[in-house]
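Everything below concerns the one structure shown next.
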Amino acid sequence: MSAPNQPVTQLLAALAGAIVQGGIRVVDLTVPLEPATPTIQLPPPFAPSKPFSLEEISRYDERGPAWYWNNIACGEHTGTHFDAPIHWVTGKDYPNNATHNIPVERFIGPACVIDVAAEAKANPDFLLTREIVEEWERRHGRIPTHAWVLIRTDWSHRKAAKEFLNAGPDGSHTPGFHPQCVPFLAKERDILGVGVETVGTDAGQAHGFDPMFPCHTIMHGSNRFGLASLTNLDKLPPTGAIVIAPPLKIINGSGSPLRVLALVPA
Ligand code: MN
1 MSAPNQPVTQ LLAALAGAIV QGGIRVVDLT VPLEPATPTI QLPPPFAPSK PFSLEEISRY
61 DERGPAWYWN NIACGEHTGT HFDAPIHWVT GKDYPNNATH NIPVERFIGP ACVIDVAAEA
121 KANPDFLLTR EIVEEWERRH GRIPTHAWVL IRTDWSHRKA AKEFLNAGPD GSHTPGFHPQ
181 CVPFLAKERD ILGVGVETVG TDAGQAHGFD PMFPCHTIMH GSNRFGLASL TNLDKLPPTG
241 AIVIAPPLKI INGSGSPLRV LALVPA
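Residue numbers (this note's numbering): 1 to 266.
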C-alpha cells in the first residue's frame, strides 16, 4: 500500500465520528421483507416471480438446540431490490453487468430526490417529465456524476398490497418516468441509476409506452441501475444525502433484494 492520503484519512475519520455522534443520520430506505411483501405481477403467458418465503430450519429445539436459522426463497426482484443491466435484453451484452461483477464503487453515490408526491397523489399514473427534472436542476443544481436519482412519490405509504400494486383490468396504475425523461437522465446525465417507491422502476402503464418499459429499456441499455420499492424518501433532502445500495453478490444475478441506506446531514 502507498502512504495514506492524509485529507482522505481525516475525511473518513470525520465520517465515522459524525455517524457515531449523530451529525450524520443513517436513514433506512428499505421495506420489510416478509411473505406479504408485494411482488410484481405479470400477466400470462409471462412466468411469475416467487414471493418471499421463510422456512424454519431450527429454533433452539431438537433440530438445533442452541441455534435459530431459516431457509429463505424469493425472486431476485422482491421487496426493496436492485436491478442490474443484465436484467434487460438491452443491457445483456455489457461487461460487468450482473450483481457479482459491477464495480462496487458504483453502488454508492449522491442522492438527488425529486419530490412529486403531490402530483402522484392527485394522479396515480403521474409521469416525471424532463421539464420537471430541469426545473429541479434550476433550484438544486445539475445532477452530479454518479448520482442516484430518486423519485419521491410517497407511494410506499400505501402499505396494503392491493393499494400498492393498484392493479385494474388494464394493468397497474402507479407513477413513474415519462418516456422522454429517461433518455435525458440516462444519456445527458452520468447517473448510477434511478430509484422509486413503486414495485418496479417503470410506471404501471409502461407496457403501452413507446418504447415499452422505457426505464428498463433505456436505463439498462445505458448500463445503469434501478432501485425499486424504496421507502422513507420523504426523510431525505433534495440534495446532500449519500445512498449506499450494494446488491447480493449472486453470480450472474439480474438483481437482488438489498438493504438501502442513506447518509443524511442531521
Ligand atoms: Mn426489478
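Here a beta-carbon is modelled for each residue, glycine too, at the ideal position from N, C-alpha and C.
Grouping DSSP H, G and I as helix and E and B as strand, with all else coil, what is residue i?
| i | result |
| --- | --- |
| Thr-198 | coil |
| Pro-183 | helix |
| Arg-130 | helix |
| Pro-65 | strand |
| Ser-156 | helix |
| Gly-17 | helix |
| Arg-59 | strand |
| Ile-151 | strand |
If you follow the beta strand (DSSP E) that residue i is part of, which residue opens it and which one closes it?
| i | result |
| --- | --- |
| Val-113 | 108-115 |
| Gly-255 | 255-257 |
| Leu-263 | 261-265 |
| Val-243 | 242-244 |
| Arg-25 | 24-28 |
Is the separation between the beta-carbon of residue i and that of residue j shorter than 8 Å?
| i | j | result |
| --- | --- | --- |
| Thr-217 | Thr-39 | no |
| Ala-241 | Val-260 | no |
| Ala-186 | Met-212 | no |
| Gly-204 | Leu-127 | no |
| Phe-52 | Glu-76 | no |
| Val-196 | Leu-230 | yes |
| Gly-255 | Asp-83 | yes |
| Pro-124 | Pro-179 | no |
| His-157 | Asn-166 | no |
| Val-104 | Phe-184 | no |
Is residue i near the ligand MN, going by C-beta to nearest heavy atom under 7 Å?
| i | result |
| --- | --- |
| Gly-255 | yes |
| Ala-228 | yes |
| His-81 | yes |
| His-220 | no |
| Gly-200 | yes |
Need the endpoints of the alpha helix (DSSP H) that residue i sits in, please.
| i | result |
| --- | --- |
| Phe-164 | 161-165 |
Report buried or exposed for residue i, applying the criterion of at least 16 other Cβ atoms within 10 angstroms of its Cβ.
| i | result |
| --- | --- |
| Ile-19 | exposed |
| Ala-73 | exposed |
| Pro-247 | buried |
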